[in-house]
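According to our numbering, the sequence shown is numbered sequentially starting from -16.
Idealized CB from N, CA, C, for every residue including glycine.
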Amino acid sequence: MTQTNTVLIVSDRPQLAALLARAVENVVACRCIEPGEPLPAALPAVAVVDVSRNAALARAWVARLHASCIATLQLTNQADAIGRAVSATRTLRADAPRTMVLATLFGLVDSRRTGERPVPGAATAARAENLARVADAMVTRVFEAAGAGRVLTPAEADAGTEVILEAISECGIRTWLEAVERHDQQLYQHSLSVAGYAAAFGTGLGLPRADQMRLARAALLHDLGKAKIPLEILNKPGRLTPAEMAVMQTHPAIGADLLRDQEGFDAQTLQVVRHHHEMLDGSGYPDGLAGAAIPDLVRLVTICDIHSALTERRPYRDRLPHGQAHALMLDMVPRLDADLLRAFERVVLQAIPDAAVA
Ligand SMILES: [Fe+2]
Ligand SMILES: [Fe+2]
């Protein structure tokens, strides 16, 4: 991504944003977008976040801009929480006089011009680590909220997904996996890994951007239902008993129900969450779907999910090398899609050193 000498205003108050933009444009190019829109590919030098109707979305924007090393001014009445979370962000009250907003904003523009800024990273481990930390914070909020009965909005999910797609396109799957491996919550790490694999898979297959987003977002949310599984089962340091396994196997249906209750998630995302443990021969759960009844998007996420699980460390077993994990999955054909497994090897595993299958 390139950085341009422009100001980006992300605002849910279009009239105020237009007034601000008119004043800013006297000095530097300016663009306004709504909070539901993506971060433009040509990154701005400075951004204003004025999102007061949705605190979680505001936090997501600030975190995303921070991860991209963009100097940010946030207009908010919740400055305490946000200012603490991201120290590089300047905050003003949402009702601050426009002259004060402009003075602060131009100060940021000047500081970028004179070089007091971190240069946006190339494909580095530090950059991946930074993006992974942002995505990890989002995933943590997603699961904690789901555990408490509140599900994130599609826009919040998209913010997290964009960070992951950005990380994969800039840093690659290998660096991403190394970065997320350092995070200690196993479920969150798993969700970030599966989403990373899905992003790399979708990109490598050349899917249109909207499909890449859908795939990575569904992967990020696939185990959402685990937020409702008792911790003594979820974190058990050993194999589950049949009774515990039966509880664990309720997570796909729970996750899909949670998302259905929250309007705005598309049917394909719900299908992935409900059916990611189905097998092509009908031996999976919860519905025993078989063959053509399992959509492609689900099959893609299932492959990412199993590969990720096999190559993660568990309390009762070591992680498998990528090549061995893939060989094991090839042995699972025809329960898994052979063509997609071969494509996964070609477009994802080639980028991971130990992935060569004998
Ligand atoms: Fe699962
Ligand atoms: Fe999973």
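For residue i, which residues from the same chain have a beta carbon less than 6 Å from its beta carbon, with the 5 sequence-adjacent residues on both sides left out?
| i | result |
| --- | --- |
| A108 | T158 |
| A12 | T(-11) |
| V163 | A115, Q172, L175 and S176 |
| A68 | Caution applies to A68, whose pLDDT of 44 falls short of 50 and renders its modelled position unreliable; the model cannot decide the point. |
| R200 | A140 and T144 |
| D320 | R282 |
With a Cβ-Cβ cutoff of 9 Å, do residue i and residue j count as a contact?
| i | j | result |
| --- | --- | --- |
| P27 | C15 | no |
| A129 | K211 | yes |
| Q251 | L207 | no |
| V29 | A54 | yes |
| A308 | T294 | yes |
| A39 | L135 | yes |
| E112 | R73 | no |
Rounded to whole angstroms, what is the Cα-Cα separation between residue i and residue j?
| i | j | result |
| --- | --- | --- |
| Y299 | Q172 | 17 Å |
| T59 | A50 | 20 Å |
| G221 | V256 | 25 Å |
| Q232 | Y268 | 7 Å |
| P278 | A202 | 14 Å |
| R81 | A118 | 33 Å |
| P235 | A193 | 24 Å |
| L75 | T87 | 9 Å |
| A239 | K209 | 11 Å |
| A41 | V10 | 26 Å |
| A347 | G306 | Shown here, the chain extends from -16 to 341; a query on residue 347 therefore has no answer. |
| I156 | S291 | 12 Å |
| I335 | S35 | 42 Å |
| L2 | P23 | 21 Å |
| A106 | C154 | Low per-residue confidence applies at A106: pLDDT is 42, beneath 50, and the placement is therefore not dependable, though the value from the model is reported in the following sentence. Answer to the nearest angstrom: the Cα atoms are 4 Å apart. |
| Q254 | A275 | 13 Å |
| P18 | P137 | 12 Å |
| L56 | V84 | 8 Å |
Excluding sequence positions up to five away, which residues of its chain have a Cβ less than 7 Å from the Cβ of residue i?
| i | result |
| --- | --- |
| E99 | In this predicted model, E99 has a pLDDT of only 45, less than 50, meaning its place in the structure is not dependable; the value taken from the coordinates is given anyway. Here the set comprises nothing. |
| L283 | A181, F184, L198 and L323 |
| A0 | I(-8), S(-6), C15 and D33 |
| D264 | A273, P317 and R318 |
| T186 | I151, S152 and Q195 |
| A326 | L188 |
| R302 | T294, E295 and R296 |
| H260 | P235, G267 and Y268 |
Could you tell me whether any non-hydrogen atom of ligand 1 is closer than 8 Å to the CB of residue i?
| i | result |
| --- | --- |
| K209 | yes |
| H309 | no |
| H205 | yes |
| P269 | no |
| D240 | no |
| P235 | yes |
Going along the chain, which residues of its own chain have a beta-carbon closer than 8 Å to the beta-carbon of residue i, five neighbours each way excluded?
| i | result |
| --- | --- |
| V102 | Reliability fails at V102, whose pLDDT of 42 lies under 50, so the model's placement of it is uncertain and the value that follows must be treated cautiously. Correct list, in chain order: C52. |
| A79 | L58 |
| I216 | L223, E227, V230 and M231 |
| M121 | A43, A46, E139, A142, G143 and V146 |
Does the beta-carbon of residue i, which I'm using as the reference point, lie nearer than 8 Å to any heavy atom of ligand 2?
| i | result |
| --- | --- |
| A118 | no |
| H258 | no |
| V177 | yes |
| A292 | yes |
| D320 | no |
According to DSSP, residue i sits in a beta bridge with which residue or residues?
| i | result |
| --- | --- |
| T(-11) | A12 |
| T55 | A30 |
| L75 | L58 |
Report yes if the C-beta of residue i is less than 8 Å from at least one heavy atom of ligand 4; otherwise report no.
| i | result |
| --- | --- |
| D33 | This structure lacks ligand 4; its bound ligands are ligand 1 and ligand 2. |
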